[in-house]
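Engineer:
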Amino acid sequence: MKTSIIELQGLTKRYGSINVVDHLNLSIHKGEIFGLLGPNGAGKTTTILMMLGLIEPTSGFAKVCGYNSTSSPIDIKSKVGYMPDSVGFYDTMTGLENLMYIAQLNGLSRLEAEKSAIKVMKMVGLENDLNTKTGAYSRGMKQRLGLADVLIKEPEVIIMDEPTLGIDPSGVKDFLKLIKTLSRQHGLTVLLSSHHLNQVQKICDRVGIFVKGKLLAQGNIEQLSEQLFSQTSHQVSITLNEPISLTQKDEEELMQLASVENIAKEGNQLHINCNKILTPDIVRFMVEKNYNIFGVHQKTYGLEDIYQKYFENQHLNV
Amino acid sequence: MEISYTDFSIIKSSNKNVPFWAMVRKEISDHIRSWQFIILLMIIALTFFASMYVAISNLNSAVSNTNDPDHLLIYLKLLTITDGTLPPFHVFISFLGPLLGISLGFNAINSEQQNSTLIRVMAQPIYRDNLLLSKFISVTILISTMFLTLALLMIGAGLLITGVPIELEEVLRIVSYIIICVFYVGFWFSLSIIFSIRFKQAATAAIASIGLWLFFTIFHSMILNVISKIIIPKSILFSSSRYSWIETLFHMAPNQLYTDATTTLLMPKIRSLGPMSMEQMAGAIPNSLPIRDSLLIVWPQVSGLISATIVCFALAYYLFMRKEIKC
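Those protein sequence lines, which keep their order, are chains A and B. Each residue of the first sequence is one higher than the one before, starting from 1 at the first, in this note's numbering. Each residue of the second sequence is one higher than the one before, starting from 319 at the first, in this note's numbering.
1) With 9 Å as the limit, tell me which residues of the segment 71–91 of chain A have their beta carbon closer than that to any beta carbon of chain B; keep them in chain order.
2) Quick one: list the residues of chain A neighbouring Thr-351 (chain B), beta-carbon separation under 8 Å, in chain order.
3) What residues of chain B sit near Tyr-101 (chain A), judged by a beta carbon separation below 7 Å?
4) Between Ser-78 (chain A) and Asn-106 (chain A), which are expected to be in contact by the criterion C-beta below 8 Å, what is the C-beta distance as a whole number of angstroms?
5) Between Gly-88 (chain A) and Ser-69 (chain A), is the Cβ-Cβ spacing less than 7 Å?
6) Can you grab the Cα-Cα spacing for the pair Thr-365 (chain B) / Ile-374 (chain B), in whole Å?
7) What does the alpha-carbon distance come out to for the pair Phe-224 (chain A) and Val-211 (chain A)?
8) Take the Cβ of Gln-519 (chain B) as the centre, count every other Cβ of all protein chains shown within 10 Å, and call the residue buried at 16 or more, exposed below.
9) Mind checking Pro-483 (chain B): buried by the 16 CB within 10 Å criterion, or exposed?
10) Considering Cα atoms alone, identify which of B:Leu-637, B:Leu-417, B:Ser-421 and B:Tyr-371 is closest to Thr-398 (chain B).
11) Starting from the beta carbon of Asn-106 (chain A), find every residue of chain B whose beta carbon is closer than 8 Å, and list them in chain order.
12) Straight-line CA distance for Trp-531 (chain B) to Phe-338 (chain B)?
13) Relative to the alpha-carbon of Met-51 (chain A), which residue among A:His-186, A:Ile-33, A:Thr-12 and A:Met-255 has its alpha-carbon at the smallest distance?
14) Determine, for Asn-425 (chain B), whether the minimum Cβ-Cβ distance to residues of chain A falls below 7 Å.
15) Listed from N- to C-terminal order along the chain, which residues in the segment 516–549 of chain B have their beta-carbon within a distance smaller than 7 Å of any beta-carbon of chain A?
16) Taking the alpha-carbon positions, what's the Ala-475 (chain B) to Ala-136 (chain A) distance?
17) Counting only beta-carbon separations shorter than 7 Å, does Ser-558 (chain B) have a partner in chain A?
18) Name the residue from A:Ile-152, A:Ile-203, A:Ala-42 and A:Thr-47 whose alpha carbon lies nearest to the alpha carbon of Asn-98 (chain A).
19) Whose CA, out of B:Thr-577, B:Phe-631 and B:Arg-640, lies closest to the CA of Ser-412 (chain B)?
20) What alpha helix (DSSP H) runs, 4 residues minimum, are completely inside the segment 42–71 of chain A?
21) Is there at least one Cβ from chain A nearer than 7 Å to Arg-640 (chain B)'s Cβ?
22) In the segment 26–58 of chain A, which residues sit with their C-beta less than 8 Å from some C-beta in chain B, listed in chain order?
23) Between Ala-634 (chain B) and Ser-625 (chain B), what straight-line distance do the alpha-carbon atoms span, to the nearest angstrom?
24) Looking only at its own chain, which residues have a Cβ that is under 7 Å from the Cβ of Asp-125 (chain A), when we skip the five neighbours before and after it?
25) Count the other CB atoms, across all protein chains shown, that sit within 10 Å of the CB of Phe-326 (chain B); report buried if there are 16 or more and exposed otherwise.
26) Measuring straight from C-alpha to C-alpha, what distance separates Gly-146 (chain A) and Asn-433 (chain B)?
27) Check whether chain A comes within 7 Å of Thr-398 (chain B), counting only Cβ atoms and requiring the distance to be less than that.
28) Three-state secondary structure (DSSP) at Arg-14 (chain A)?
29) Quick one: grab the DSSP three-state call for Gly-622 (chain B).
30) Identify whether Gly-107 (chain A) lies in helix, strand or coil by the three-state DSSP scheme.
31) Smallest Cα separation from Ala-26 (chain A): which of A:Gln-248, A:Asn-273 and A:Ala-217?
32) So Gln-248 (chain A) is in the beta strand (DSSP E); what residue range does that whole segment cover?
33) Do the segment 161–179 of chain A and the segment 3–17 of chain A touch if we need at least three Cβ pairs shorter than 8 Å?
34) Chain A beta carbons: is any one of them nearer than 7 Å to that of Asn-433 (chain B)?
35) Compute the Euclidean distance between the alpha carbons of Ile-362 (chain B) and Leu-418 (chain B), then round it to the nearest angstrom.
36) Just checking my contact of Gly-35 (chain A) with Leu-192 (chain A) at CB under 8 Å: how many whole Å lie between their CB atoms?
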């Protein structure tokens, strides 16, 4: 049994008559990387701020590292490193001074603060910019400094709100790799929120899909696609060199192949839905019937499709 | 990327005050480097030296004026005498003080919010009110240092020029004058902090505070004059003196409180701030009051100024504690 380090139960935040976060139950285990995935305005930031005790929940509670966020936010904040979606620094101070300030707010003396600030800046690869004013930092450098800022307090949990916002693709790759390495080396629990699916997909152990204040599904990618696509499962598309003209008999025979659910014709393409992988059988059948196959495409579901599905469902509900 | 961190455990010191004083230190260094503070410091220093120059050049005639009961209190004279070319220093401060307070406070909270440093600081293990308290304390330290430095410069220069030793009476009066100055600037500082919490844009907060300052310096007395003209009947009996509650309202403006308090403290011959009856005047010997009596006269003004500062700060505190941190 894994111990959970973040536990949310019935967490609700109401602004006016709208539940921004709606009876959220979630538990995150020690040492895992959890991705909170959802569109803008889903209530991700509100949830995170409630975990830190910066926003008071309307009902329910959040427990982080064994502390209740409403009654002992100071204990939580000394163990949790939070990186907001737009990291801001005091522009008139150097990177080192900014970090030293935060370290001192965590109770380190001036000397200790300087030592550990230099150490974490080396860790994130900013050792050449120790004495540059943060006003002159690029966006990617600020993001790194934000990570250093989180690490300097030696947290048990790191919470990052949209950590990849506004950095270029190669920067994102490096940044996420850095997060993953640090998490694995030091057994840190990482919670990151994002609306960039493919990025999160790469480094997260588990993801939760969060739409309109509700957690719709959670688990790793395979579990999610199993949960969501058990009915529609697999789709095979076959492209022919001429417009499809299946005879009634052929179509019936094709339907009789084990567990084919429906067949759709569209120009040169034939889309077949089935709940098992039947691609070889279907191709063999088509070849035997003298159809000229140009291409076969078997569709598997990734996080993108999962996300898409939820978006579509949401739009239907509106 | 090469990542090496060998030992990740530094023993955290248990001193609970480290975070708070780190914040105060950071605030002070921020203010000292900020342009608005440098500019106002220069203006105040220049007016100080100008009024000192005028005072020193007129010191001779002021000291030899034996009709004046406190003509021998040279250091108080240095702060108050003028030949009409320049107002004395405390009059300068009555309108530069608010500007100083406003310039230090108008962007205290909202600029941190705009730069999103507020949320980062709030995510550290400190109490939320420590941020506001550190700002207030750092400004108090800053302006006390400034006024104390100016006063010591004045005393030193006076000592060099005249060679007359300073009396305890004068020291006490000058120290209480400095305390009143600090509270006066502190009042305007807490007022502008309220606006900086309330308004997201620093410019809006600045305009709001300056508007209020203009209201109190110019329009407050104008409006009261208009009202008193309407209300008070135009009979000969009443027109000579205004109603006492109008008078009270007139004296309630913060800069009026400051002016009343400082003039009484710096000019020991002042015996009353309100109108005096002939009976009261009759037996009075033109003599300067001891510091205790001067303080008794201005006690309402002093306590009013201090309580206004505290009320403003408490309001800022309340607003900040209830503020949504999320942008």
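Quick reminder that beta carbons are idealized off the backbone N, C-alpha and C, glycines included.
Structural biologist: Reading it off the structure:
1) The residues in question are Pro-73, Ile-74, Asp-75, Ile-76, Lys-77, Ser-78, Lys-79, Val-80, Gly-81, Tyr-82, Met-83, Pro-84, Asp-85, Ser-86, Val-87, Gly-88, Phe-89, Tyr-90 and Asp-91.
2) Residue 351 (chain B) is actually Arg in this sequence, not Thr. In chain order: Thr-92.
3) Chain B residues near Tyr-101 (chain A): Ala-340 and Lys-344.
4) Contact holds; Cβ gap of about 7 Å.
5) In this structure, Ser-69 (chain A) does not lie closer than 7 Å to Gly-88 (chain A) by Cβ.
6) When the Cα atoms are used, Thr-365 (chain B) and Ile-374 (chain B) turn out to be separated by approximately 14 Å.
7) Note on residue identity: the sequence assigns Leu, not Phe, to residue 224 (chain A). Using only the alpha carbons, I get a separation of about 15 Å.
8) Gln-519 (chain B) is classed as exposed because its beta carbon has fewer than 16 other beta carbons within 10 Å across all chains shown.
9) In the assembly as shown, Pro-483 (chain B) is an exposed residue. Its beta-carbon has fewer than 16 other beta-carbons within 10 Å.
10) Per the C-alpha coordinates, the member of B:Leu-637, B:Leu-417, B:Ser-421 and B:Tyr-371 positioned closest to Thr-398 (chain B) is B:Tyr-371.
11) By Cβ distance, chain B contributes Lys-330, Pro-337, Gln-442 and Pro-443.
12) Answer to the nearest angstrom: the Cα atoms are 31 Å apart.
13) Nearest in C-alpha terms to Met-51 (chain A), of all of A:His-186, A:Ile-33, A:Thr-12 and A:Met-255, is A:Thr-12.
14) No, its Cβ sits nowhere closer than 7 Å to a Cβ of chain A.
15) Of all residues in the segment 516–549 of chain B, none comes within less than 7 Å of chain A when Cβ atoms are compared.
16) Straight-line measurement puts the Cα of Ala-136 (chain A) at about 45 Å from the Cα of Ala-475 (chain B).
17) Residue confidence is low: Ser-558 (chain B) scores 48 on pLDDT, short of 50, so the model does not pin down where it sits. No coordinate-derived value is stated.
18) Ranking A:Ile-152, A:Ile-203, A:Ala-42 and A:Thr-47 by Cα distance to Asn-98 (chain A) puts A:Ile-152 first.
19) Comparing alpha carbon positions, the residue from B:Thr-577, B:Phe-631 and B:Arg-640 closest to Ser-412 (chain B) is B:Thr-577.
20) Here the runs fully enclosed are 44–51.
21) Chain A contact via Cβ: absent.
22) Those would be Thr-45, Thr-46, Leu-49, Leu-52, Leu-54 and Ile-55, in chain order.
23) Distance between the alpha carbons of Ala-634 (chain B) and Ser-625 (chain B): 14 Å.
24) Checking the sequence, you will find Gly at residue 125 (chain A) rather than Asp. Only residues of its own chain outside the window of five on either side were considered, and among them Arg-144 have a CB closer than 7 Å to the CB of Gly-125 (chain A), listed in chain order.
25) At Phe-326 (chain B) the pLDDT is 42, less than 50, meaning the model places this residue with poor confidence; the figure from the coordinates comes in the next sentence. Looking at its Cβ environment, which holds fewer than 16 other Cβ atoms inside 10 Å, Phe-326 (chain B) is exposed.
26) When rounded, the distance between both Cα atoms is 14 Å.
27) Not an interface residue.
28) Secondary structure of Arg-14 (chain A) (DSSP, three-state): strand.
29) In the structure shown, Gly-622 (chain B) sits in a helix (DSSP, three-state: H, G or I).
30) Under the three-state reduction of DSSP, Gly-107 (chain A) is assigned to coil, being neither helix nor strand.
31) In the sequence as presented, Ala is not what sits at residue 26 (chain A); that position holds Leu. Ranking the options by Cα distance to Leu-26 (chain A), first place goes to A:Ala-217.
32) It is not in any beta strand (DSSP E) - Gln-248 (chain A) instead sits in the alpha helix (DSSP H) that spans 248–256.
33) Under the Cβ criterion (8 Å, minimum of three pairs), the segment 161–179 of chain A does not count as touching the segment 3–17 of chain A.
34) Using beta-carbon distances, Asn-433 (chain B) counts as an interface residue toward chain A, with a partner under 7 Å.
35) Roughly 9 Å between the two C-alpha positions.
36) That belief holds up - the Cβ atoms of Gly-35 (chain A) and Leu-192 (chain A) are roughly 6 Å apart, short of 8 Å.
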